[in-house]
Amino acid sequence: MKKTSATVRKAIAAAVIGHSFWGISFLASRVALGIAPVIVLLSHRFLIAFIIMCVLLLTPLGSFHVRGKPLLPLILLGLLEPVIYFFGEQYGILHSSTVFSGVMIGLIPIVSTMAAIPVLKEKPTLKQILFSLLSVAGVIGIGFMTKNSGSLDWIGVAGLLVAVFSAVAYTLLNRGISDRYSPFERTYFMLGFGAVVFTAMAAFTVRHDPVSYFRPFAERKYVFAVLFLSVCCSVAAYFLSSYALTGLPVARATVFANLTTAVSVFAGTIFLHEPFSAAGFLFSVMVVGGILGVQIGASRDKELTTSK
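Under the numbering used here, think of the first position of the sequence shown as 152, with each following residue one higher.
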């Protein structure tokens, strides 16, 4: 499918903005998790996000035309992300060291790039692979800077492996069906699936005290935090991610995932006054430099025309 340079630029902008939102999300998550359990927060986040998507259906922004199209790919997409990925990531981070979890999550872009070669027939250039590895190295370096090392057990390893493979499968599927379903349609099903699954689990968790499900909303800071997670980190970020995968090959789209880590470092420094060392700056430069290198290292002839 032919991609114009304007479309590619818009896709890059979408990837930068979307992953920047995810980079800041830990601030809102930290606030919200101090008030509500994980499952309740996930339910609130995705339920509000799905309601917003339903409201958007009443506006020109909500383009939704799936009649006559198979729904299985969209259902699988929603199952992979956010449901399976969130479970794998949460249990993986809880039961592993910060360094190990950072390394594993940082491998998602390069694994996705390599998997796209046989699955989507998208062959990255050597420069793209090398710059992607540079960006991953920056993420790993940031992980080693973290003082809270934690412990590692088989549950953590299994959880992170589930997170990595579900993220890779989500990326390949999202890219693979991008010519049949719009970014809005893909985002709608993803958020809808997350809302149904996480809300069902939350309902089971609070079954003995149903009022506790609504209690967090009594805290103003929780309301602001969950709205940011719902609007910016769910509706906007997932839509922008799907839009980026529509306009960019996997190698160019997924490397922006490492931007999330760099943004998290700067956000922690600015908003939480966390220490920022010269090493942290160097690793962040590696992340950003790798991302830029992947974009610049792309062969224009191959990137503007993608074989499906």
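Quick reminder that beta carbons are idealized off the backbone N, C-alpha and C, glycines included. All of these numbers come straight from a predicted model, not from anything done at the bench.
Its chain contains Phe368 as the residues whose beta carbon lies nearer than 8 Å to that of Val374, once the 5 sequence neighbours on both sides are disregarded; these appear in chain order. For Arg371, the enclosing alpha helix (DSSP H) starts and ends at 371-381. Ranked by how close their Cα comes to the Cα of Leu245, the residues Trp305, Phe282, Ile268, Pro233 have Trp305 in first place. Taking C-alpha positions only, Leu391 is separated from Val347 by approximately 22 Å. Non-local C-beta neighbours of Phe335 in its own chain, meaning closer than 7 Å and more than five positions away in sequence, comprise Gly213, Ser214, Phe215, Phe390, ordered along the chain. Of the residues assessed, Leu342 falls on the buried side of the cut-off, its CB having 16 or more other CB atoms within 10 angstroms.
Per DSSP, reduced to three states, the secondary structure at Gly419 is helical. Gly257 sits in a helix when the DSSP states are folded into three classes. Tyr236 carries a helical assignment under DSSP once its states are collapsed to helix, strand and coil. Excluding the 5 residues flanking it on each side, Gly419 has same chain C-beta neighbours closer than 7 Å at Glu425, in chain order. Proximity of the stretch 268-285 to the stretch 188-202 falls short of the contact definition, fewer than three beta-carbon pairs being nearer than 8 Å. Around the CB of Arg403, 16 or more other CB atoms lie within 10 Å, so the residue is classed as buried. For Phe390, the uninterrupted alpha helix (DSSP H) segment begins and ends at 388-398.
Judged by DSSP in its simplified three-state form, Arg196 adopts helix. Judged by DSSP in its simplified three-state form, Thr338 adopts helix. Ranking Pro275, Phe349, Cys205 by CA distance to the CA of Thr405 puts Pro275 first. Taken atom to atom, the span from the alpha-carbon of Thr264 to that of Gly441 is near 14 Å. Annotated as distal: Val357 and Val159, with beta-carbon spacing of 8 Å or more. Between the stretch 314-327 and the stretch 231-244, the count of C-beta pairs closer than 8 Å reaches three or more; the two stretches touch. About 7 Å separates the beta carbons of Ser180 and Leu380, which is inside the 8 Å limit, making them a contact pair.
With a 10 Å radius around the Cβ and a threshold of 16 neighbouring Cβ atoms, Gly257 comes out buried.
When only Cα atoms are considered, Met255 and Ala309 end up about 11 Å apart. Bounds of any alpha helix (DSSP H) do not take in Arg358, whose DSSP letter is neither H nor E. Per DSSP, reduced to three states, the secondary structure at His216 is coil, with no helix or strand assignment. Of the residues Val290, Ala187, Gly185, Ser333, the one whose Cα lies closest to the Cα of Thr411 is Val290. About 6 Å separates the beta carbon of Ser393 from that of Asn325, a gap short enough to meet the 8 Å contact definition. Judged by DSSP in its simplified three-state form, Lys161 adopts helix. Considering only Val439, Val438, Ala413, the residue with the shortest C-alpha distance to Phe427 is Ala413. With fewer than 16 other Cβ atoms inside 10 Å of its own Cβ, Pro211 counts as exposed.
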